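First up is the structure itself, then whatever we jot down about it.
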Amino acid sequence: MGRIDKAAKRHLEQSYQQDIEMYEQEREELLKRIRADTATPADRRRYTALGWKIEAVRQRMDKRYRDGVAEPIKIMQ
């Protein structure tokens, strides 16, 4: 993998953060519908999928996951 300069890295992290905020806002709206018992089955599936999407974006932002590609993951040292 090539090196990313600091400005590009900062821009990428801001983009990821905006994505997370957008997904969390939509997920909150869906949760309100689910709690009010007005959600469709598609809304419930979307709620679950957004949780997975948020976690995936957080993992992309997390240095441990990015570095895990170059370094083997050590289980039980």
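If you're matching positions, the sequence shown starts at 666 in the working numbering and goes up one per residue.
Glycine included, C-beta positions come from ideal geometry on N, C-alpha and C.
Please read all numbers here as calculations on a predicted model, not as lab measurements.
Exercise for review: Just the C-alpha distance for P706 and K697, rounded to the nearest angstrom, thanks.
Suggested key: 14 Å
Exercise for review: Tell me whether D702 sits in a helix, a strand or coil according to DSSP, three-state version.
Suggested key: coil
Check your understanding: Heavy atom of the ligand COA less than 7 Å from the Cβ of T705, yes or no?
Key -> Looking at this structure, you won't find the ligand COA or any other ligand, since it has none at all.
Point to revise | Nearest to Y712 (by Cα), restricted to the options Q690, R725 and V722 | key: Q690
Review point. Would you say L695 and A704 are within 8 Å of each other, going by their C-beta atoms?
Key: yes
Point to revise | Expected contact under 8 Å - CB spacing of I699 and R710 to nearest Å | key: So it is not a contact: roughly 11 Å between Cβ atoms.
Practice item. Give every residue of the same chain whose Cβ lies closer than 7 Å to the Cβ of Y688, excluding the five residues on either side of it in the sequence, and list them in chain order. Key: L715, K718 and I719
Review point. If we call anything under 8 Å between Cβ atoms a contact, is I685 one with R723?
Key: yes
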